[in-house]
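Residue numbers (the working numbering), protein chains in the order written: chain U, -11 to 89; chain P, 4 to 586.
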């Protein structure tokens, strides 16, 4: 098995876990965590693709940038979750939804 | 130069809307000022386009792929319609300064009105069928949002939704037609289509022709879609004057007039156009005679006058239809704004409660009567000349005497309901204790300018012909000068026949007591007319089916995060499978 294939299995695994987490969880904090796992999968894919195409610098620098952006997203997501908990008294996304009948 | 003017005509109202949004509702004075400044500036930009008309696109923005190119062609018909949109638009905005005074949601109102004015100018000026559709739908959205402006009122919301569904249904006809044209000719350009329409297979061209007819009928509230317009009267009155009388409803007539050279040889098309127009003239005319709501009566008369324009196109006279479009935009805007003044003053739209208001609102009465005389087709006012031109064109169309007779009956009905309306509102004894005051200053400015227009726009018959004929290579116009028009109309026997019919129509209302034995027998007809001859049911059916479908599809929009994620994941898998398949 080549390193690229191993990396891609890792990518699929991380994205799969992230999606599964998003699908089953109803807790807003867990949603943020699942989203993080999902994005880590994409990160790994970036690095792997950079290595495979020979543009190792490009892949890794993009990955560093995504890490920064992703951290900001996580921080804002958690801060919003905190506010939601304070104002609505719940973190259950099913109860928070106003679109359903 | 012309490029800048085109962009200003479309862009200034939109910029104004943005500026008003930034101003926020805390500064109503600034909002009024901004709206008037931007609307009037757009009107001036449109007027300045007049010397620069040309048949070739002035702006070409290639978008690539199946989107073709976004083009703007300032030819005669486009410039003409965009002038009507922006000038009548700015007058309606000026009128709103008094009419909407003190409204809590002024920002939303002005934003939508200005968005509409820009989109309407864009609809007129674009030379690309695809973007004609885009602007077409923007105007439909503005119309919906402004009809439902008082969104606490379920009637207003229902009226808005009905207008949106019916006009969007028509829009489908336009979109499908545009796509068929693209599939056959590889271009969305209107000029290309007009030049190469004969290259398309005859049955495909017929499909496009009737698709466009459906689009036009839905937009212009023609038979069998005529019932959305009366329900649209829940909108603030300046909006009714602007969108539902002077501009947006003309888009259908514009569409038919624009594509007439391509479709005129499609078998049965001109007859169908004439039939649609005349059925609208007659049915709406009868409904206007029994309407008790002032604005609904005006809405029916709009349907009937638009029917007359559609009929003129069917009879082969695009010029007469455009000339009547000009007259109608001016006098109907005047009538609606006059009605708005009355409604603003007395607080009701029910004509049965009005009466005798003339002595307390002398200015409004004067301008309203001027507008009403033009609507009825009394000489000197602009409605008379354009209506005579249409009737003359109808008489000349081969083998269509039935259509001419129907149009004449329509003219008589017009005179009858106009006289009834004026009498019920302004004359006779007051029927209830209503507080009334005359028009306020900004209202007077709009009404005065429009009343002046009603008395004078018919002098533009010659210039309008020059404007249209010089830049529309595919349409054939017979030469018209203002003097020519005056002499032919005055010497033609048909004119006096029409005047006689108008007089008889008026007399029928005047002597209604003496004719009571006949009117009693017509009670059934009146009851049918109040119920829109059953077409209300068809339109309501369309609306209900659409809403039920939407409500069923609503099940897929759960608003639950996990379902949305599942949807995304399934979509991803589908894309991957398609990609794998492609290899």
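For glycine and all other residues, C-beta sits at the position ideal for the given N, C-alpha and C.
Is there a C-beta anywhere in chain U that falls below 8 Å from the one on residue 577 of chain P? no
Please name the residue, chosen from P:54, P:197, P:561, P:376, that lies closest to residue 331 of chain P on a Cα-to-Cα basis. P:376
Would you check if there are 3 or more beta carbon pairs closer than 8 Å linking the segment 6 to 17 of chain P to the segment 56 to 66 of chain U? no
Using only alpha-carbon positions, find the residue among P:105, P:372, P:405 that is nearest to residue 361 of chain P. P:372
What residues from chain U crowd round residue 583 of chain P, counting only those whose CB sits closer than 8 Å? Ordered by position in chain U, no residue passes the 8 Å Cβ test against residue 583 of chain P, which lies about 15 Å from the chain.
Count the other C-beta atoms from every protein chain shown that fall within 10 angstroms of the C-beta of residue 239 of chain P, then say buried if there are 16 or more, exposed otherwise. buried
Just the C-alpha distance for residue 35 of chain U and residue 44 of chain U, rounded to the nearest angstrom, thanks. 7 Å
Over what stretch of residues does the alpha helix (DSSP H) that includes residue 170 of chain P continue unbroken? 157 to 188
According to DSSP, is residue 31 of chain P part of a helix, a strand, or is it coil? helix
Own chain residues within Cβ distance below 7 Å of residue 197 of chain P, not counting five before or after: 264, 265, 477
Return the first residue and the last residue of the alpha helix (DSSP H) that residue 497 of chain P is part of. 496 to 513
Sequence-distant residues of its chain with Cβ nearer than 8 Å to residue 463 of chain P (five each side left out): 329, 485
Positions along the segment 26 to 46 of chain U whose CB lies within less than 8 Å of some CB in chain P: none
Is it buried or exposed, residue 466 of chain P, if we count other Cβ atoms within 10 angstroms and call 16 or more buried? exposed
Are the C-beta atoms of residue 565 of chain P and some chain U residue less than 8 Å apart? yes
In chain U, which residues lie with their C-beta within 9 Å of the C-beta of residue 553 of chain P? Simply none; closest approach about 13 Å.
Using a C-beta to C-beta distance shorter than 7 Å, which residues of chain U count as neighbours of residue 568 of chain P? 7, 10, 11
Exposed unless 16 or more other CB atoms sit within 10 angstroms - verdict on residue 70 of chain P: exposed
Beta-carbon within less than 8 Å of residue 585 of chain P's beta-carbon, same chain only, minus the 5 sequence neighbours each way: which residues are those? none
Restricting to Cα atoms, I'd like to know which of P:169, P:542, P:79 is closest to residue 601 of chain P. With chain P represented from 4 up to 586, any question about residue 601 of chain P goes unanswered, as that position is not in the structure.
So what does residue 131 of chain P bridge to, in DSSP terms? P:192
Which runs of the alpha helix (DSSP H) at least 4 residues long sit entirely within the segment 403 to 462 of chain P? Give them in chain order. 404 to 429, 444 to 459
Only counting the same chain, and skipping five residues up and downstream in sequence, which positions put a Cβ closer than 6 Å to that of residue 251 of chain P? 142, 146
What residues in its chain sit with their C-beta under 7 Å from that of residue 472 of chain P, if we drop five residues either side in the sequence? 480
Backbone secondary structure at residue 525 of chain P - three-state DSSP: coil
Residue burial classification, residue 390 of chain P (beta-carbon count within 10 angstroms, cutoff 16): buried
Quick check on the DSSP output: what are the complete beta strand (DSSP E) runs of length 3 or more inside the segment 26 to 97 of chain P, in order along the chain? 62 to 65, 72 to 75
Have a look at residue 420 of chain P and residue 73 of chain P and give me their C-alpha separation to the nearest angstrom. 44 Å
How is residue 153 of chain P classed by DSSP in three states: helix, strand or coil? coil
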